[in-house]
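Protein chains in written order, with my numbering: chain A, 1361 to 1781; chain B, 11 to 180.
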């Protein structure tokens, strides 16, 4: 039986309060980091743990921290990406609502390691409960001396500010988030320079996801080997999986990285709804290509899912059963990406507009011969040709739907109707 | 605190005033309900930034409303996880009982009905945000009960306002 790590405090009554967090051993990791380790030792520890970013890209966290120049001559910043917008994902919201100190402690340790004195948590404006809980937690941590000047008698000073987003999915892209934090429209920047060198206000900046930072205190207390012992060595650690869609027990589950997707869907979440059969699963939010039922034995980690032609992404697992039309799901996903395209680059802005039009007419039974080829040509025009990963995610997802469920698309076009209506 | 004081307090968190435009717009919208041009200009003046910068943000981010919205903004998620739990039926029902289409506002100004992208609460799909609050695991009966509660808060508020105004005729 796997003992929860990240969710250990989440179901405790008043888990969001400092007293509860302290009673469970909270802020001992920060004390240990400040007293027993130099900043470089913390970076090495996180490197050795093989922690990889939980926001979706899976970049090695310790390596990201090590890219921050030691002597910058400018302030350094930490930004926490709490703009959880990937459809099917709700893990960061639950951490912030029920255990915000776990995040604050992780941020403080990261800031100590990279030499930042200021952090901004970029949080979705819709998450009003998480925002108020985090505000309260920051105030409590300040009052107790876990934040502020010369924390726990060390030379380390650190403050955390909350910055509320205002409803733009693209802010999950780290450089778009930086522009948004600087008061501009959220549009991705050209890289390089990478944020570690030139990020917020052109200063060295680390951007980490909520869940990534929440892992850090546990690594400091229990060690890199413990962390690496959970799940696959190259993609280890405890992991939060968000189960939603047509499944009996939707919810947030914490299990080791690498658990088979089938086990997650059928055992943890109770399998399909009564009388229905599993048809496909989107394993990592709508940017991740869907996997048909026959492929569900894949492990839920970065490398296994990439090898299977999909991705772990945000681990937003969306379950689709046999009562659902894949063309409809694909159309809704592309409508989302089209709506959220920031408009900066042509393949994404214009290409997705075109894809939406073709998909809508196919779903409505007004498809034409040649639409399948048209959709493939549009995916080809978008994939690899956009400024950021938004367009790639849209094209990859659609390609997977076209490949695995070609017959459904063809039936719509040939019979000039949706067979599910 | 006045709106200006709240905005100035928020602006102190940033080394650059431009960063404070988004928080300032959120503060201004709470104050005014929506963001007409006059409010956008007031925000620009308080922060001492270019007006175009403020307009740019107010028209880019979906949480900012440059047009008035009803007292209760019903924001029903219709992204994939909610769609798979039949949010379309809820939309149809809301359109019927409110007598408006998606995007519309009831003639009494109480309700604006919108569909929104994923609210990040898929474990309780189908889900709808009303003001600051999330309402999950919705079905038609729960939607009806929610609308009833919202209407009742208005009646209570109106009653409280009448009471505060003193007995009629004095």
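All C-beta atoms, glycine included, are put in the ideal place defined by N, C-alpha and C. Computed from a prediction, not measured in an experiment: that's the story for all the values here.
> From this set, A/1663, A/1622, A/1637 and A/1626, which residue's C-alpha is nearest residue 1655 of chain A's C-alpha?
Replying inline: Walking along the first chain from the start, residue 1655 of chain A turns up at place 295. The shortest Cα separation from residue 1655 of chain A among A/1663, A/1622, A/1637 and A/1626 belongs to A/1622.
> Is there a Cβ from chain A that is less than 8 Å from the Cβ of residue 113 of chain B?
Replying inline: Against the second chain, residue 113 of chain B aligns to sequence position 103. Not a single CB atom of chain A sits nearer than 8 Å to the CB of residue 113 of chain B.
> Does the distance from the CB of residue 130 of chain B to the CB of residue 1449 of chain A come in under 8 Å?
Replying inline: Taking the first residue of the second chain as position 1, residue 130 of chain B is located at position 120. Taking the first residue of the first chain as position 1, residue 1449 of chain A is located at position 89. Yes, the pair counts as a contact, with Cβ atoms nearer than the cut-off.
>> Please identify the residue among B/52, B/60 and B/32 whose C-alpha is closest to the C-alpha of residue 12 of chain B.
In response: For the purposes of this step, residue 12 of chain B is taken as the residue at position 2 of the second chain. Comparing Cα positions, the closest option is B/52.
> Between which two residues does the alpha helix (DSSP H) harbouring residue 1452 of chain A extend?
Replying inline: Taking the first residue of the first chain as 1, we reach residue 1452 of chain A at position 92. From DSSP, the alpha helix (DSSP H) with residue 1452 of chain A extends over 1451-1458.
> Is the beta carbon of residue 1637 of chain A sitting closer than 8 Å to the one on residue 1556 of chain A?
Replying inline: Working through the first chain from its first residue, we reach residue 1637 of chain A at position 277. Working through the first chain from its first residue, we reach residue 1556 of chain A at position 196. In this structure, residue 1556 of chain A does not lie closer than 8 Å to residue 1637 of chain A by Cβ.
> Going along the segment 86-116 of chain B in order, which residues come within less than 7 Å of chain A, judged by CB to CB distance?
Replying inline: Those would be 89, 90, 91, 93 and 94, in chain order.
>> For a minimum of 3 consecutive residues, which ranges assigned as the beta strand (DSSP E) are wholly contained in the segment 1522-1576 of chain A?
In response: Runs of beta strand (DSSP E) with 3 or more residues, each lying fully within the segment 1522-1576 of chain A, are found at 1565-1569, listed in chain order.
> Distance, Cα to Cα, residue 1788 of chain A vs residue 71 of chain B?
Replying inline: Chain A is shown from 1361 up to 1781; residue 1788 of chain A falls before or after that span and cannot be answered.
> If you measure from the beta carbon of residue 72 of chain B to each beta carbon in chain A, is any gap under 8 Å?
Replying inline: If you number the second chain from 1, residue 72 of chain B lands on position 62. The Cβ of residue 72 of chain B sits closer than 8 Å to at least one Cβ of chain A.
> Identify the residues that DSSP records as bridge partners of residue 1602 of chain A: which are they?
Replying inline: The residue labelled residue 1602 of chain A in the question sits at position 242 within the first chain. In the DSSP output, where bridge partners are listed per residue, residue 1602 of chain A has A/1612 and A/1676.
> Between residue 120 of chain B and residue 80 of chain B, is the Cβ-Cβ spacing less than 8 Å?
Replying inline: Locating residue 120 of chain B in the second chain gives position 110, where the first residue counts as 1. Locating residue 80 of chain B in the second chain gives position 70, where the first residue counts as 1. Going by C-beta atoms, residue 120 of chain B is nearer than 8 Å to residue 80 of chain B.
> Do you know how far the Cα of residue 1373 of chain A is from the Cα of residue 179 of chain B?
Replying inline: One-based indexing of the second chain puts residue 179 of chain B at position 169. One-based indexing of the first chain puts residue 1373 of chain A at position 13. Annotation note: pLDDT 47 at residue 179 of chain B (below 50); position unreliable, no value reported.
>> So residue 1524 of chain A and residue 1491 of chain A are supposed to be a Cβ contact under 8 Å. How far apart are they, rounded?
In response: In the first chain, the residue the question calls residue 1524 of chain A occupies position 164. In the first chain, the residue the question calls residue 1491 of chain A occupies position 131. Contact flag correct, Cβ pair sits at about 6 Å.
> When the Cα atoms are used, what is the spatial distance from residue 1416 of chain A to residue 1686 of chain A?
Replying inline: By 1-based counting over the first chain, the position of residue 1416 of chain A is 56. By 1-based counting over the first chain, the position of residue 1686 of chain A is 326. Cα to Cα, residue 1416 of chain A sits roughly 24 Å from residue 1686 of chain A.
> Just to confirm, are residue 1602 of chain A and residue 1411 of chain A a CB contact at a threshold of 8 Å?
Replying inline: Along the first chain, one-based indexing puts residue 1602 of chain A at 242. Along the first chain, one-based indexing puts residue 1411 of chain A at 51. No, these two residues do not count as a Cβ contact at 8 Å.
> Between residue 1570 of chain A and residue 1463 of chain A, is the Cβ-Cβ spacing less than 8 Å?
Replying inline: In the first chain, residue 1570 of chain A corresponds to position 210, counting from 1. In the first chain, residue 1463 of chain A corresponds to position 103, counting from 1. Less than 8 Å divides the Cβ of residue 1570 of chain A from the Cβ of residue 1463 of chain A.
> Near residue 1403 of chain A, what residues of its chain come up, given a Cβ to Cβ distance below 7 Å and the 5 sequence neighbours on each side ignored?
Replying inline: In the first chain, the residue the question calls residue 1403 of chain A occupies position 43. Contacts found: 1422, 1425, 1426 and 1473.
> Near residue 1744 of chain A, which residues of its chain fall below 8 Å by C-beta distance, leaving aside the five closest residues on each side in sequence?
Replying inline: In the first chain, residue 1744 of chain A corresponds to position 384, counting from 1. Short of 8 Å from the beta carbon of residue 1744 of chain A, and not among the five residues preceding or following it, lie these beta carbons of its own chain, in chain order: 1752.
>> Closest to residue 1663 of chain A by C-alpha separation, out of A/1759, A/1418 and A/1363, would be which residue?
In response: In the first chain, the residue the question calls residue 1663 of chain A occupies position 303. Comparing Cα-Cα distances from residue 1663 of chain A to each of A/1759, A/1418 and A/1363, the minimum goes to A/1418.
>> Within 8 Å of any Cβ in chain A, is that where the Cβ of residue 23 of chain B sits?
In response: Reading the second chain from its first residue, position 13 is the one you call residue 23 of chain B. Closer than 8 Å: yes.
> According to DSSP, which residues form a beta bridge with residue 1508 of chain A?
Replying inline: Here residue 1508 of chain A is taken as the residue at index 148 of the first chain, counted from 1. According to DSSP, residue pairing for residue 1508 of chain A in a beta bridge involves A/1518.
> Using DSSP with H/G/I as helix, E/B as strand and the rest coil, what is residue 1578 of chain A?
Replying inline: Here residue 1578 of chain A refers to the residue found at position 218 when the first chain is read from its first residue. In this structure, residue 1578 of chain A counts as helix in the three-state DSSP scheme.
> Which term fits residue 147 of chain B, buried or exposed, when burial requires 16 or more other beta carbons within 10 angstroms of its beta carbon?
Replying inline: Here residue 147 of chain B is taken as the residue at index 137 of the second chain, counted from 1. Around the beta carbon of residue 147 of chain B, fewer than 16 other beta carbons lie within 10 angstroms, which makes this residue exposed.
> Is it the case that the Cβ atoms of residue 1518 of chain A and residue 1584 of chain A are separated by a distance below 8 Å?
Replying inline: Taking the first residue of the first chain as position 1, residue 1518 of chain A is located at position 158. Taking the first residue of the first chain as position 1, residue 1584 of chain A is located at position 224. Here residue 1518 of chain A is not near residue 1584 of chain A, since their CB atoms are 8 Å or more apart.
>> When you compare the CB positions of residue 1381 of chain A and residue 1502 of chain A, do they come within less than 8 Å of one another, or not?
In response: Numbered from 1 along the first chain, position 21 holds the residue referred to as residue 1381 of chain A. Numbered from 1 along the first chain, position 142 holds the residue referred to as residue 1502 of chain A. In this structure, residue 1502 of chain A does not lie closer than 8 Å to residue 1381 of chain A by Cβ.
>> Quick check: is the beta carbon of residue 29 of chain B nearer than 8 Å to any beta carbon in chain A?
In response: As a first step, residue 29 of chain B must be located in the second chain, where it is residue number 19. With 8 Å as the cut-off, residue 29 of chain B counts as an interface residue toward chain A.
> Smallest Cα separation from residue 1493 of chain A: which of A/1370, A/1549, A/1409 and A/1682?
Replying inline: Here residue 1493 of chain A refers to the residue found at position 133 when the first chain is read from its first residue. Closest option to residue 1493 of chain A, Cα to Cα, is A/1370.
> Nearest chain B C-beta to residue 1686 of chain A closer than 8 Å, yes or no?
Replying inline: On the first chain, position 326 is the one that residue 1686 of chain A refers to. Judged by the 8 Å Cβ criterion, residue 1686 of chain A is not in contact with chain B.
>> Quick check on DSSP: helix, strand or coil for residue 163 of chain B?
In response: The sequence position of residue 163 of chain B within the second chain is 153, counting from 1. Looking at residue 163 of chain B - three-state DSSP - the assignment turns out to be helix.
> residue 131 of chain B versus chain A: which residues are under 8 Å apart at the beta carbon?
Replying inline: As a position in the second chain, residue 131 of chain B is number 121, starting the count at 1. The CB of residue 131 of chain B comes closer than 8 Å to the CB of 1450 and 1453 in chain A, given here in chain order.
> How would you write the range of the beta strand (DSSP E) that residue 1817 of chain A sits in, first residue to last?
Replying inline: For chain A, the structure presents residues 1361 to 1781; residue 1817 of chain A sits outside this window and is missing.
>> Against residue 1482 of chain A, what residues of chain B qualify as contacts under a CB-to-CB distance less than 9 Å, listed in chain order?
In response: Here residue 1482 of chain A refers to the residue found at position 122 when the first chain is read from its first residue. Scanning chain B for C-beta atoms nearer than 9 Å to the C-beta of residue 1482 of chain A yields nothing, as the closest lies near 10 Å away.
>> Give me the chain A residues within the contact set of residue 67 of chain B, using Cβ-Cβ distance strictly less than 9 Å, ordered along the chain.
In response: In the second chain, residue 67 of chain B corresponds to position 57, counting from 1. Under the 9 Å cutoff, chain A gives 1526, 1540, 1543, 1544 and 1545.
> What residue range is occupied by the uninterrupted alpha helix (DSSP H) comprising residue 1694 of chain A?
Replying inline: In the first chain, counting from the first residue as 1, residue 1694 of chain A sits at position 334. That run of the alpha helix (DSSP H) goes 1686-1700.
>> Threshold first: 4 residues or longer. Then list the alpha helix (DSSP H) segments lying entirely within the segment 1377-1417 of chain A, N to C.
In response: Look at the segment 1377-1417 of chain A and you find these whole runs of alpha helix (DSSP H), each 4 residues long or longer: 1378-1383, 1388-1396 and 1399-1409.
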